[in-house]
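A.B. asks:
Residue numbers (this note's numbering): 823 to 962.
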């Protein structure tokens, strides 16, 4: 366990994965709650916003070095990257839950499984964009 903690401390990508995992948990739990009062397709979007704000705070505190820009600029850039990722998450989540899973007869917690897969789908592109665009230094 000590090796894992040391690896997390040294590796921005592992800190990104850990922070993203926490934010993904917030996203998924929020979607389950929101699905009680709104359509799945809308709950995916609203829950994504809760996860996105959680991710921003964790990544700003624990993952990336200071960019030299203010929090407002970083949050705006974070939102742009996450708007792109949201399209991917929504397409994967809704596509699996409403099209692929019914087509193959998959029913075991289909909405939740589809949402988890959707939330995980933009991990690499999000890390690359956040490290260079959102929190990167020297990018005006």
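No residue lacks a Cβ here, since even glycine has one placed at the ideal position from N, Cα and C.
Report buried or exposed for residue 895, applying the criterion of at least 16 other Cβ atoms within 10 angstroms of its Cβ.
C.D. replies: Exposed: under 16 other Cβ atoms inside 10 Å.
A.B. asks: Could you tell me which of 881, 851, 878 and 879 sits nearest to residue 868, measuring between CA atoms?
C.D. replies: Taking only the C-alpha atoms, the option nearest residue 868 is 851.
A.B. asks: Does the Cβ of residue 1011 have 16 or more other Cβ atoms within 10 Å, making it buried, or fewer, making it exposed?
C.D. replies: As displayed, the chain neither begins before 823 nor continues past 962, which places residue 1011 out of reach and without an answer.
A.B. asks: In whole angstroms, give me the CA-to-CA distance for residue 927 and residue 880.
C.D. replies: Cα-Cα distance, rounded: 38 angstroms.
A.B. asks: Please state if the CB of residue 941 and the CB of residue 911 are separated by a distance shorter than 8 angstroms.
C.D. replies: A contact, by the Cβ cut-off of 8 angstroms.
A.B. asks: Give the list of continuous alpha helix (DSSP H) stretches no shorter than 4 residues that lie fully inside the stretch 851–931.
C.D. replies: Those alpha helix (DSSP H) runs which fall completely within the stretch 851–931 and span 4+ residues are 862–884, 893–917 and 923–926.
A.B. asks: For residue 957, name the three-state secondary structure that DSSP assigns.
C.D. replies: Here residue 957 sits in coil by DSSP.
A.B. asks: For residue 838 and residue 863, I'd like the C-alpha separation in whole angstroms.
C.D. replies: Cα to Cα, the separation comes out at about 27 angstroms.
A.B. asks: Who are the near neighbours of residue 956 in its chain, counting only those whose CB is closer than 7 angstroms to its CB and skipping five residues on each side?
C.D. replies: Excluding residues within five positions, the ones whose Cβ falls inside 7 angstroms are 896, 899, 900 and 903.
A.B. asks: List the endpoints of the continuous alpha helix (DSSP H) containing residue 948.
C.D. replies: Here the alpha helix (DSSP H) through residue 948 covers 945–951.
A.B. asks: Please list, in chain order, all residues of the same chain as residue 853 whose beta carbon is under 7 angstroms from its beta carbon, the five residues on each side excluded.
C.D. replies: Excluding residues within five positions, the ones whose Cβ falls inside 7 angstroms are 865, 866, 869 and 937.
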